[in-house]
Structure formats: C-alpha cells, structure tokens
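Here the structure is laid out as structure tokens; the discussion comes afterwards.
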Amino acid sequence: MARSAVAGAPGISRSRLTTIMVLTGPAYIWLVVTVLLPLSVMLYFSFLSDVPIGKRVAVLTIENYAAFFEKDFYRILMLRSFRLGAEVTFYCFLFGFPCAYVLAKVIKGRWREALFLLIILPFWSNALVRIFSWTMVLRGNGILERAVNWLIPDFGPLGLMFTYPAIIVGLVHSYIPYMILTCYISLQAIDDHLIEAARSLGAGRFTVLRRLVLPLAFPGILAGAVLIFVPVLGSFMEPRILGGRIGTFIGTIIEDQFTAVFNWPLGAALSFIMLGIVLLILLIGVPAVRRVI
Amino acid sequence: MAQVTLHEVSKVFGRLKALDRVSIQFEDGEFYALLGPSGSGKTTLLRMIAGFEILDSGRITIAGEPVEDKPVEKREIGMVFQNYALFPNMNVFDNVAFGLSVRGTGAAETKRRVGESLELVQLVGLDQRKPHQLSGGQKQRVALARALVTRPRVLLLDEPLGALDKALRVEMQIELKRIQRNVAITTIFVTHDQEEALTLSDRIGILNNGRLVQEGSPHEIYERPTSAFTARFLGDANLLRGTVRNGFVELADGTRLSSAMPPGAEGTPVVCAVRAEKILLESAGGEALGQGENELPARVISHIFAGSSLTYLVGWRDETLKVHVQNRGFEVIPEGAAVRLSWPTGDTVVVQP
Amino acid sequence: MISRKHIFRTLSFFVLSLGLLIGARQTFAAEIRVLNWQGYGTDEAWSLEAFKKKTGIAVVHDYFNSEQEMLTKLRTNPGAYDVVLINSSYTRQAIDEGLIQVIDTSGMKNVPDLSPGMRNNENFIKAGKTYSIAWVWGVTSFAVDTGDFKTLPDSIEVLWDAKYAGRVGWRDDAVEAVQFAAIATGQDINNPADFGLIREKLRALKPQIRTFWSSEDEWNQFFSSNEFDLATYWSGSASRSKTQFKLPLEFIIPKEGAIGWLDGLSIATGAPNAEGARAFIDWMIDPEFYVEWDTKIGAPASANAKANAQLPETAFNRAVLGNPKKIAKVQFMGPMSGQLREKMLELWQETKTYMQQ
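Chains as they are written, first to last, in our numbering: chain A, 1486 to 1778; chain B, 3 to 355; chain C, 4 to 360.
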C-alpha cells in the first residue's frame, strides 16, 4: 500500500483515506447542506431587517434581537416554554428511568424484546394521530371521563381537556421512548458485578442506585434529556391541540413569523435566542450536575 | 469454632444439578480453596455463601447463625471478583472507602482505615487515581483492600488472579497469602488452577459435577487422592487398571503391583494411581529391584523438554504413561529404547475409579 | 480499491440522471400545475376528470397551509406553477412583486357572467389590466349549536356574553381576531383607527374562549364532541359541515357585520402552460362545475352570479349570501401593509400570552 505524506495521519495510506472519505463524505455533505447551510443562512437573516428576496431591501440590524427584550410577552412565553420543557423532561425521567432499569437489569430473554416493541410502538404512529387519540381519551365525554363515571356514577366532568396537565401528558407520552432507550443503553452497559460488589460491601438497594447506578447511567440520562428538552421547547402542535386557549408557547410565536407574516428575520432571531439559552443551560448545567454526582 | 458451615446444600438450574448435597465446614481463619473444573459448581457455591444465589435445600451458617434469609448486604462478607469490579466513577480512595461510607463511618476514621488497608496491600500513594489508570495488579490490590477495609467475617475470592499474566499471578499469590496471614480472616478461594490451590491454601475442597469429591490439606489430597478424578486433576498421575489377587493388584499382562494401602476384596477391579514424578526411569536390563519396589517395562515414545524437567512419554502395552525426570544433565534416552519404570510401593495409590 | 476516476464517474452519473428527471418533468406536455389550499374545489377528482375529457389537459396540484406559504412558494419557485389561488387581500402584493401575470380574458366564456362588483374588484385590476379572476367568496363570522340556542342571536356581542364563558371556539389567526374586534367596536377592519379599543376587546375574550381551532376538520371534531357552543367559522365550511357532516349548526351574520373575503384565481408569472391555465380557470367559474361542487360537497359562494342562481333555493349560498339585505354590512378584506400585519400579529400574540395567566 502506498504510504503518503498526509499530515497528521501517520501510517494511513492514500487508498485507505480515500475509502474513508467516500464512506463518510455523503453523510457530512448531507449534514452541511441540510443543517449547517440553512442554519447559517437563518443566522444571517436574523441580523437583517427584511428577507432579501425579489425587490425587498434589507439592511443589517439588531432590531430583531432587541424586540425580544422590548416586549414582555416574548420573555414570558420563552420562560413558559422552558418550564414546559423542564417538566416534561423530568416526568420522562421519573417514569422512563425505572422502566429502562427493569428492562436492562431485571427482565431477560424473550420478554425483553416484547417489552421493547411496546415501548417503541408510539413511534410507529404519526405524531398528530397520537395527539388526537389523547384528545379522545381526555376530553369531555371522552373515554376516561366515561370510564370514571361508569365506576363512580355522577362523578361529573373531569375537566382534563385544554389544561396544562393535558399538555404534559401528551408530550410525555410522545417523548418518553427516547429516555427509555438512552437510559437502557447506559444501564445495560453497567457490569452486573459492579452492583454485586457494592452489595457485598453492605450497600442497600437505594444506596447502590444513588452512588453507583445513577452516576454510571448519567450519560444516557443526559442524552435522553437533551433529546427531549430541545424539541419540547419548540413544540407548538401538541400544546395547541391539548391546551386550547392556554396552549400558546414560544414555538407558536416563531411559527407565526413564517406563516402569518413574512418576518423571517424575527423568527430566526427568536430561534437563535432560544438556541443560545439552551446552549447556556447545557454549558452550565451539565458540569454542575456531574460534580454533584 | 467454625466460621462458615455448609450443610447438605443443593441447587438446581432447570434440569441441571449445579450442587448436590455439599457439606463443608470452613474453620475460622483458614485459607480454603474450592477447586474444580468449569461447571463443577464452585462459583455457584461461593455466590451462595455471599448471597447472590439462593439455595434450594440445605443450610448455610456464618459464625453460627443461619444466613439463608439474609440479604447480601447484611452478611458482612468481603468479596473480590475476577474482573475486580472497581467502581469506575470513583477514585481509589473512594472505592476502598465505599464499604465504610455505607456504614456512616466518620471522615477521620475512614481516612485512617483506608490508609491502613492500602498499606496492607502495599498500594500507597495512588489514592486519587481512577480505576482505568491502574494496571491489572494494582486493580487487584485495590479490590482486595476494598473488601478487607470493613473487617468482614469472611473473605470470598472468585478466581481473582485469573486475569493476570503468569509472573504477576505468582507475585500476587504470595501477596495474597501474606495478607491473609496478617488479617487472619476466614478465606474461601475459588480457582480451577490446581497449582494455585496447592500453593495458597490450608485446605482444599475438590468439586466435580456439583459434588464434593475430596477435602483435605494440599499434601493429603495430592499424595492420597481417593478417586481417579482427583488423581488426574492434581499433577500428572498414571492410572493402571487391575484386579485384586492375593493382596496384590494384578494388571492385565500379569504384572503384580503391591501397594502400601490395602487394595480391597479379592477379585475386585481397582485402579492404581502412580504420580509421574515418583517414577524412576532407567534403561532396560538394570539391577534387580528391592522388596518395596514396583516395576513395569516400557518403551520410550517421545520426550518433552520443559527446562527444569523432562517428561518422557513411554508406552506400556497400548497405554501411554508419563514420567517426570528432573534435569540433572543426564543424556536423553532416545525414542524406541526399552526402559524400566520403577517406584516405591508406597507411591502406589489405590483410588476409586 | 476505489479510484478517483470511479468516484467522478459515479457522481456524474447521478448529476446527469437528476438533470434528466428535472428536465423531463418540465417538458411534460398537456399538463397544468395548480397551487391552492387542499380540498378547496380545484382538486375535486370528478371535476379534473371532466376537464381532462374536455381539453385533454391533466391537472397536478401543490398545496399550501397559509397565505404566507403561498407567497413564499411563488417567490422561490418561478415557473413552477400555472394557476394559483390568491385571496383578494394579497393580490395587490402579488402584482407589485411581479409574481402573477396579466390575464387575457377574451375567449373565457364565463367571465362576462361574473358579478361586476367582484369582477372589477380594485385588488384584481391594475392599470386597466386584469390580474385575477374572481372565483368564490364568503363570509367569516360565527356559527352556533342550535341545541344551545332556542332563538338565534343577531349580535356579535354574543361571543362576549358571560353566559357562554368557556364555551366559545376561536380561530387562532391574528388578522381575523383583530378584524372581529374591529367589527365589534364599529371600526374599519382593514385599517382600525383605535388599536387600544381592539386590545381591550380582545382581552375581554379571555374568559370566553375554550380552545382555538385551525382547520375545518378540527372545528367539526370540537363541535361534535361538544367542546364549544358557538365558534367563529367560515361560511363555506359551515355549509359543508351542515350538509356533509349533518352537524346541527346555524351560521350567523350579525347586525354589526361580518368579514367578507374574496378568492381569485391567477396565472403565475412564467407559467409553462398559460393557455391551459386560462381554460382551467374558465372551468372553475363554470356553472356546470360550481353547482355540482356546492350541492354535492359544499362550497363558498360563486363570484359567478349566474352559477349562484342555479343553486337550489334553500342552498345557503343562494338563500343567505345571495340576499343583499343580509350582506349589507359585510366588510370585505383588503390589502394590508406588512407592518400592519406584523402589528396585528404582535397584538394577538400578546393577547394569547395574557390569556394564559
């Protein structure tokens, strides 16, 4: 094999390098074209006064970013969206982690596959269909209310539809598989002997969980949290359908900039402000949690 | 007073009898090795004492109290695993201190005892290192320190030296022995390596197919195996089948062997075991032997040079026998040469087939 | 081993085939491409079949979910569309941006039958040239559940009536919301003078609204599961919900007035098949198509008065919208500047935030 003088790649032959580039190239090109490029364009737009298409004139300005600080309701909605994201992520962890633990450590063999299937089942259906099925369950005179009234006659309306809890329920249901799967991967990588060693040293189940399992599963938990937190932040469909009047979040506002008016710069600016806050949270939050664990 | 007792312990996995009525009494402070081939049930037994497996029948007591219903964390044991099982998210100090922190030991006391423990295993100064920064031998010592720091009643070791290379293993064997003597803790050690068992233990229990085949001091077991299996498992033994005739063991070709042990009833088929290193190999046609000697004619098939010793493979009738000869610089006896094997009757051991 | 020559060859192959595919689509003869809302008349299967039989032209559709999306698609895909549906309040903007072309109406046999007022709507004509053919129109007002209303209300204030607190459905659209408030406060819907009044009126909706709806389908679902007793709605959709889905509703045009809208069909600049586009638009305002559409499926009112008159007497579009007295106070949506729209949007977003607290 021909040895080449490729800097920084000691001992990699030319043909090997070409193979690597051909195999990974398409993926990177895809990423650049579909993610990096559009995002860069949007970042540029966010600093313009208008979209530079046709006869429109655009000048550089930070007006769009300033608008976020000028108007109260942007900030209020942004905070509400972050709160929604945090709550949904928390509940996904609360219910998803034990489920992942049972799958990884307790259940063996065929049952594990069957349960996996059940967990991934929501993914098989369209998100919109899932949310609408929840409306059928939660709404007035829906499945849940009818069941309760059948069990306890004259219980009356449950009043679950178009409430904040309804939004949480719908979102947790949609996103919990992410948490279960990422936690499962982390958990099943934990050697059983580690847990046995901890127990042999006198640690009860809870101590084992707190001092050994959770720290070791942290990468999986973090991955799941990010996979859930970020999309929920920008979600507008589920909150609208399940939340009704109170279902307005920052995602709605950003969408409106693109669908109700032709104000892409403002939409882009709001999106990047959101992105900035998320990055800040990750930058500060993750090391902080790591230290505690 | 015995520290750990197993009484008629049995365990079944599906249709497989992993342990069949095993009874052992581990003396306080002794180093006991559970020896046997894979699948013999020795690891299952160890894990049962620890509490990771539940017995189907029988009793286990530690310091006199039955522990079958006690969860692992309450049995006050220390355990060392084959792959060390050090907690990757903690450094050496925290790993060793784990058992103490679980018991709520104060910071000063913890520091002192961890220091003691690490000194005991001769691993001072590596407190802040993480497990992945340690060598195999170092990990082994940390695992040991961690298990001992809580002053457990029993120390259980599950093939702890299996992952080490030969030189390190020998070194660690010596270390282990020294530490165990120092702490004087009842130690139960599982291994499939007979040399290791012979070197380290005060007593050995041999397990095969879930049964305790023989138990005793290394010397006892080695020199006086009670079964063909034990004879074969420890060292190299030649097995000769014959029938009892007039107090002798008569082999198929008429050769008579005498043994220091009573061979049994007249006419019963028996097996004689003769250790390879006990046999004297000479060219055929030497001086006549004295009273207390057995002999067998054979022909050299080949030899294996192992540095300090030489192993001859000789053929007698259609069997291949082994003879270990110490390397004293004698000339190697060539292939095909006729030779005479001789050994003292005391070294003819009658065993169960 | 993969050689550079090999990579180059593979890439060129892909590029070429892609080019051929694109080219092939462009040169497909006897076809027109239509851009519209989904399920809004132009894509009725039976009508497209009849059209193909008459003219031999196949019709391919693309859809949008908002007017802004429609404009964006025109801006970023010149030459991709033939016929496009544009609401009259956006037509002026489309003309000014050069997105649609002049239509030669000679030879279009149904155009003379269009109601003069709609045919000559100021948004459709520029410098004496026609840029859009008036197609269908309707009214945005509200519909009530006949089960909850013994006597039908005649005032828009019923939406703010405390009796129906938490029982009102509302469309989440900034312009529409502001315009409802404008009508309720007696202002011009295309240029409200007092935004302060509008703000108060919108905020007063907080206790009233149960949920927002954004599509006809959602409206039907919420209505039939009894989530709201009355809700804002479009006349055409109301007619459909009543006829096709048999929902017990009545569409109300209150005395204060309602929001009128007019949709026109235009031909995009650089359309590959302008001839076919004209033929299709002519078919869309043809009574033969319209009567079938409204009676079988339900539709807004036709801008072709002759077609409207051919509907059965009890048909909503003929009985109500064909009645000049009833529609006297209807204000038609007109063009609005981008700034005005953004101002309305901001106000509405602020109101929605207020409604959550």
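Cβ atoms here follow ideal geometry from the backbone N, Cα and C, with glycine treated the same way.
Exercise for the section: Return yes when the C-beta of THR356 of chain C is under 7 Å from any heavy atom of the ligand GDP, and no when it is not. Expected result: Because no ligand of any kind appears in the structure shown, any question about the ligand GDP cannot be addressed here.
Problem - Where ASN329 of chain B falls: helix, strand or coil (DSSP) - result: coil
Exercise for the section: Note down, in chain order, every chain A residue with its Cβ under 9 Å from the Cβ of MET73 of chain C. Expected result: Chain A residues near MET73 of chain C: none, gap ~10 Å exceeds 9 Å.
Handout entry: Three-state class that DSSP yields for GLN134 of chain B in the structure shown
Key = Reading off the sequence, residue 134 of chain B comes out as His, not Gln. Reduced to three states, the DSSP call for HIS134 of chain B is helix.
Exercise for the section: Rounded to whole angstroms, what's the CA-CA distance from GLN182 of chain C to VAL294 of chain C? Just pull it up for me. Expected result: 31 Å
Handout entry: Sufficient close CB pairs (3 or more, under 8 Å) joining the region 1528-1537 of chain A to the region 1738-1758 of chain A
Key = yes
Problem - Residue-chain proximity (LEU350 of chain C, chain A), Cβ-Cβ < 8 Å - result: no
Problem - Minimum C-alpha distance to GLU333 of chain B - residue among B:LYS324, B:THR322, B:PRO264 and B:PHE307 - result: B:PHE307
Handout entry: Completely contained beta strand (DSSP E) runs for the region 57-87 of chain B, where each covers 3 or more residues
Key = 59-64 and 79-82
Handout entry: Beta-carbon gap between VAL104 of chain B and VAL6 of chain B smaller than 8 Å
Key = no
Problem - Buried or exposed (CB count within 10 angstroms, at least 16 for buried), GLY43 of chain B - result: buried
Practice task
Would you mind stating whether ALA52 of chain B and LEU158 of chain B have Cβ atoms separated by less than 8 Å?
Solution key: yes
Exercise for the section: In angstroms with no decimal places, state the Cα-to-Cα distance between VAL178 of chain C and GLY267 of chain C. Expected result: 19 Å
Exercise for the section: At 7 Å on the CB atoms, spell out the chain C contacts of ARG1730 of chain A, in chain order. Expected result: ILE212, ARG213, THR214, PHE215 and MET358
Handout entry: With 16 other Cβ atoms within 10 Å as the buried cut-off, status of TYR1669 of chain A
Key = buried
Handout entry: Of the listed residues B:ARG171, B:SER229 and B:PRO227, nearest to THR201 of chain B (C-alpha basis)
Key = B:ARG171
Handout entry: GLN175 of chain B (DSSP reduced to helix, strand or coil)
Key = helix
Problem - For SER219 of chain B, three-class secondary structure by DSSP - result: coil
Problem - Any C-beta of chain A under 8 Å from that of ASN326 of chain C - result: no
Exercise for the section: Give the interface partners of LYS55 of chain C over in chain A, defined as CB-CB distance under 8 Å, in chain order. Expected result: The contacting residues do not exist; LYS55 of chain C stays about 32 Å from chain A at best.
Problem - chain C contact for PHE1582 of chain A (CB, 8 Å cutoff) - result: no
Handout entry: chain B residues whose Cβ lies nearer than 8 Å to that of ARG1695 of chain A
Key = Those within 8 Å of ARG1695 of chain A in chain B number zero; the least Cβ separation is about 11 Å.
Handout entry: Between the CA atoms of VAL341 of chain B and VAL302 of chain B - distance to the nearest angstrom
Key = 7 Å
Practice task
Can you check the region 38-118 of chain C for any beta strand (DSSP E) of at least 3 residues that lies completely inside it and give the ranges in chain order?
Solution key: 61-66 and 86-90
Practice task
For the region 188-197 of chain B and the region 7-20 of chain B, state whether three or more C-beta atom pairs, one from each stretch, are separated by less than 8 Å.
Solution key: no
Practice task
Could you name the residues of the region 1675-1692 of chain A whose beta carbon sits closer than 8 Å to any beta carbon of chain B, in the order they occur along the chain?
Solution key: ASP1676, HIS1678, LEU1679, GLU1681, ALA1682, ALA1683, ARG1684, SER1685, LEU1686, GLY1687, ALA1688, GLY1689 and THR1692
Practice task
Would you please verify whether the beta carbon of ILE79 of chain B is less than 8 Å from any beta carbon of chain A?
Solution key: yes
Practice task
Would you decide whether TYR1559 of chain A is buried or exposed? Buried here means 16 or more other CB atoms lie within 10 Å of its CB.
Solution key: buried
Problem - Complete runs of the beta strand (DSSP E) confined to the region 250-336 of chain B [at least 3 residues] - result: 250-253, 271-277, 282-285, 295-307, 311-318 and 321-328
Handout entry: Exposure of LYS168 of chain B, with buried meaning 16 or more beta-carbon neighbours within 10 Å
Key = exposed
Exercise for the section: Please report how far the alpha carbon of PHE100 of chain B lies from the alpha carbon of VAL74 of chain B, in whole angstroms. Expected result: 16 Å
Problem - Residues of its chain near MET347 of chain C, where Cβ-Cβ distance is below 7 Å and the 5 sequence neighbours each way are ignored - result: ALA177, VAL178 and VAL181
Practice task
Measure the alpha-carbon distance for MET358 of chain C versus ALA322 of chain C and round it to whole angstroms.
Solution key: 38 Å
Practice task
Flag LEU1562 of chain A as yes if its beta-carbon sits less than 8 Å from any beta-carbon of chain C, otherwise no.
Solution key: yes
Practice task
Count the other CB atoms, across all protein chains shown, that sit within 10 Å of the CB of PHE15 of chain B; report buried if there are 16 or more and exposed otherwise.
Solution key: exposed
Problem - Assigned exposure category for PHE33 of chain B - 16 Cβ within 10 Å defines buried - result: buried
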